Amino acid sequence: MSQLLQFEKLRNTRDLGGMKTADGQTIQSGFLFRSGHLSEISDSDIHKISGTVCTIIDFRTDKERKAQPDRDIPGASNIHIPIMDSLTAGISREKKADQAMFKKLMMEPVKAKKYMCKTYQRFVSDYSVSQYSSFLKIILSAENGILWHCTAGKDRAGIASVLVEEILGIPRDVIISDYLKTNEYVEKDLLFLIDYVKKKNGTESELADEALRYLLSAEEDYIDSFYRAVNDKYGSFDNFILNGLKIEENEQNRLKMKYLE
């Protein structure tokens with residue numbers, strides 16, 4: 006599994022280092038990091054990141070970045086690669102979009118889950134795949150640690166981690182288990198947000214608890230929807246890497262040489 010890192014204000018921050026490949030190699034620690042947004046991190050958090058990370062990749066939309074701009078990290082460049090070409094309720098965490106979605110789906114858990122499955126299928130759209138390709142090219146050329154994030158560090162950042170782990174040869178079951186670890190790491194924040202939304206909408210219904218958890222958490226059905234969309238469009242994950250993400254075999258080998266030990 007990836008290693009959860011402790012910060013004052015930065016949730017769900019993990020180092021992919023320590024994850025084992027199918028052939029017994031290990032991802033090196035201190036190079037590949039995933040997290041939520043950096044707008045509320047403390048000075049202590051900044052000090053901890055600075056010097057370790059030389060490149061930060063922000064997967065959020067322009068509107069998200071304007072509402073909650075990342076704090077500057079000394080010595081690190083901040084590169085904007087939006088994964089979605091529009092605000093997506095439940096993913097981009099845009100206030101008005103989320104409020105409309107909560108109102109529509111918070112009493113409909115089945116529909117809420119289907120909505121999120123369809124959202125994960127969108128990660129295989131031509132636009133999103135092209136953006137993820139740009140992200141992987143940066144990882145290939147990075148000189149030091151690289152950190153990627155979205156808002157909650159769950160969906161867009163989660164799929165980015167899946168791509169890196171697939172290319173490096175981490176077993177699929179480990180990848181899925183690591184993806185689901187988000188629920189454990191953000192449980193307190195999730196419960197707070199569910200309670201807040203329910204109070205704001207004047208309901209104590211258990212249906213709302215179930216629907217909101219589907220909308221705000223990581224689910225195996227979501228990542229399965231992503232994998233199925235990849236297979237439907239490209240035939241296999243290997244074809245997806247080569248023909249969708251445009252990462253040639255020699256580049257895949259270079260990534261392994263760079264980040265495995």
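Taking my numbering as reference, the numbering of the sequence shown is continuous, increasing by one, and the terminal residue is 266. A virtual CB, placed ideally from N, CA and C, is assigned to each residue, including glycine. The model shown is predicted, which means the values in this text are computed figures rather than measured ones.
task: Spatial neighbours of Thr208 within its chain, please: CB distance less than 8 angstroms, with the 5 preceding and 5 following residues excluded, ordered by chain position.
output: Stepping through the sequence shown from its first residue, residue 208 is reached at position 203. Contacts found: Met111 and Met112.
query: Between the C-alpha atoms of Asp131 and Thr66, what's the straight-line distance to the nearest angstrom?
result: In the sequence shown, the residue the question calls residue 131 occupies position 126. In the sequence shown, the residue the question calls residue 66 occupies position 61. Separation of Asp131 and Thr66 (C-alpha to C-alpha, rounded to the nearest whole angstrom) is 17 angstroms.
- request: For the segment 129–145 and the segment 247–257, state whether three or more C-beta atom pairs, one from each stretch, are separated by less than 8 angstroms.
  value: Using a Cβ-Cβ distance cut-off of 8 angstroms, the segment 129–145 and the segment 247–257 are in contact, since at least three pairs of beta carbons, one from each stretch, lie closer than that value.
field: Best match in Glu148, Ile172 and Ile164 for proximity to Asp183 [C-alpha to C-alpha]
entry: Taking the sequence shown and counting its residues from 1, the one referred to as residue 183 is at position 178. That would be Ile164, whose Cα lies nearest to the Cα of Asp183.
- prompt: If we count the other Cβ atoms within 10 Å of its Cβ and call it buried at 16 or more, is Val191 buried or exposed?
  reply: As a working note, residue 191 is residue 186 in the sequence shown. The residue in question, Val191, is buried, as its Cβ has 16 or more Cβ neighbours within 10 Å.
message: Short of 8 angstroms in beta carbon distance, which residues of its chain neighbour Ala162, apart from the five on each side in sequence? Order them along the chain.
response: By one-based count along the sequence shown, residue 162 stands at place 157. Closer than 8 angstroms at Cβ, skipping near neighbours: Arg39, Ser40, Gly41, Phe64, Trp153, His154 and Cys155.
message: Below 8 angstroms, how does it come out for the segment 9–24 and the segment 136–145: are there three or more Cβ pairs, yes or no?
response: Proximity of the segment 9–24 to the segment 136–145 falls short of the contact definition, fewer than three beta-carbon pairs being nearer than 8 angstroms.
Residue span of the beta strand (DSSP E) that contains Arg177, given as start and end: Here the question's residue 177 lines up with position 172 in the sequence shown. Judged by DSSP secondary structure, Arg177 falls outside any beta strand (DSSP E) and instead within the alpha helix (DSSP H) spanning Arg177 to Tyr190.
- prompt: From Val58 to Arg76, what does the alpha carbon distance come to, in whole angstroms?
  reply: Your numbering for residue 58 matches position 53 in the sequence shown. Your numbering for residue 76 matches position 71 in the sequence shown. Straight-line Cα distance between these residues: approximately 14 angstroms.
query: What residue does the beta strand (DSSP E) around Leu21 start on, and which one ends it?
result: Locating residue 21 in the sequence shown gives position 16, where the first residue counts as 1. Taken as a continuous stretch (DSSP letters only), Leu21 belongs to no beta strand (DSSP E), as it is neither H nor E.
- prompt: Where Gly56 and Ser49 are concerned, what is the direct C-alpha to C-alpha distance, given to the nearest angstrom?
  reply: The sequence position of residue 56 within the sequence shown is 51, counting from 1. The sequence position of residue 49 within the sequence shown is 44, counting from 1. Take the alpha-carbon of Gly56 and the one of Ser49: they are about 13 angstroms apart.
- request: Please report the residue range of the beta strand (DSSP E) in which Ser82 lies.
  value: Working through the sequence shown from its first residue, we reach residue 82 at position 77. Note, Ser82: beta strand (DSSP E), Ser82 to His85.
message: Between which residues of its own chain and Val170 is the CB-CB distance below 6 angstroms, once the five residues before and five after are set aside?
response: On the sequence shown, position 165 is the one that residue 170 refers to. Correcting the residue type first, residue 170 is Glu in the shown sequence and not Val. Excluding sequence neighbours, Glu170 sits near Ile180.
CB-CB length for Leu220 against Met106, believed under 8 angstroms: Along the sequence shown, read from residue 1 onward, the residue named residue 220 stands at position 215. Along the sequence shown, read from residue 1 onward, the residue named residue 106 stands at position 101. The C-beta separation of Leu220 from Met106 comes to about 7 angstroms, placing the pair in contact by the 8 angstroms criterion.
query: Can you tell me the Cα-Cα spacing of Ser166 and Ala213, whole angstroms?
result: For the purposes of this step, residue 166 is identified with residue 161 of the sequence shown, where counting begins at 1. For the purposes of this step, residue 213 is identified with residue 208 of the sequence shown, where counting begins at 1. Rounded to the nearest whole angstrom, the CA to CA distance from Ser166 to Ala213 is 30 angstroms.
query: In the structure shown, what three-state DSSP assignment does Leu152 receive?
result: Here residue 152 corresponds to residue number 147 of the sequence shown, with the count starting at 1. Three-state DSSP puts Leu152 in a strand.
message: Beta-carbon within less than 6 angstroms of Ser82's beta-carbon, same chain only, minus the 5 sequence neighbours each way: which residues are those?
response: Mapped onto the sequence shown, residue 82 falls at position 77. For Ser82, same chain residues with a beta-carbon under 6 angstroms away, outside a window of 5 residues either side, are Thr60 in chain order.
query: DSSP on Ser139, reduced to helix/strand/coil?
result: Residue 139 sits at position 134 when you count from the first residue of the sequence shown. Three-state DSSP puts Ser139 in a helix.
message: Which same chain residues end up closer than 6 angstroms to Met6 when comparing Cβ atoms and leaving out the 5 residues on each side of it in sequence?
response: The residue labelled residue 6 in the question sits at position 1 within the sequence shown. Around Met6, the same chain offers Asp183 as residues with beta carbons nearer than 6 angstroms, after the five sequence neighbours per side are excluded.
Rounded distance between the beta-carbons of Asn17 and Ser124, thought under 8 angstroms: Your numbering for residue 124 matches position 119 in the sequence shown. Your numbering for residue 17 matches position 12 in the sequence shown. Note on residue identity: the sequence assigns Thr, not Ser, to residue 124. Not confirmed; about 19 angstroms, so no contact.
query: Does the beta-carbon of Ser47 have 16 or more other beta-carbons within 10 angstroms, so that it is buried, or is it exposed?
result: Working through the sequence shown from its first residue, we reach residue 47 at position 42. Exposed: under 16 other Cβ atoms inside 10 Å.
- prompt: What three-state label does DSSP hand Cys59 in the structure shown?
  reply: Position 54 of the sequence shown holds residue 59. Strand at Cys59.
- prompt: Which residues in the same chain as Ala216 place their Cβ atom closer than 7 angstroms to its Cβ, once the five residues preceding and following it in sequence are excluded?
  reply: In the sequence shown, counting from the first residue as 1, residue 216 sits at position 211. Annotation for Ala216: Leu110, Met111, Met112, Glu113, Pro114 and Ala117 place their beta carbon closer than 7 angstroms to its own, counting only its chain and skipping 5 residues before and after.
- prompt: Is it right to say Ser146 is buried, meaning 16 or more other beta carbons lie within 10 angstroms of its own, or is it exposed?
  reply: In the sequence shown, the residue the question calls residue 146 occupies position 141. Per the 10 Å Cβ criterion, exposed.
message: Taking DSSP's pairing of strands, which residues face Thr31 in a bridge?
response: Walking along the sequence shown from the start, residue 31 turns up at place 26. Checking the DSSP bridge columns, you'll see Thr31 partnered with Lys25.
- request: Find the nearest neighbour of Met89 within the set Arg259, Glu69, Asn236 and Leu198, judged by alpha-carbon distance.
  value: Working through the sequence shown from its first residue, we reach residue 89 at position 84. Ranking Arg259, Glu69, Asn236 and Leu198 by CA distance to the CA of Met89 puts Glu69 first.
message: Please identify the residue among Glu211, Asn255 and Ala234 whose C-alpha is closest to the C-alpha of Cys122.
response: The sequence position of residue 122 within the sequence shown is 117, counting from 1. Out of Glu211, Asn255 and Ala234, the CA that lies nearest to the CA of Cys122 is found in Ala234.
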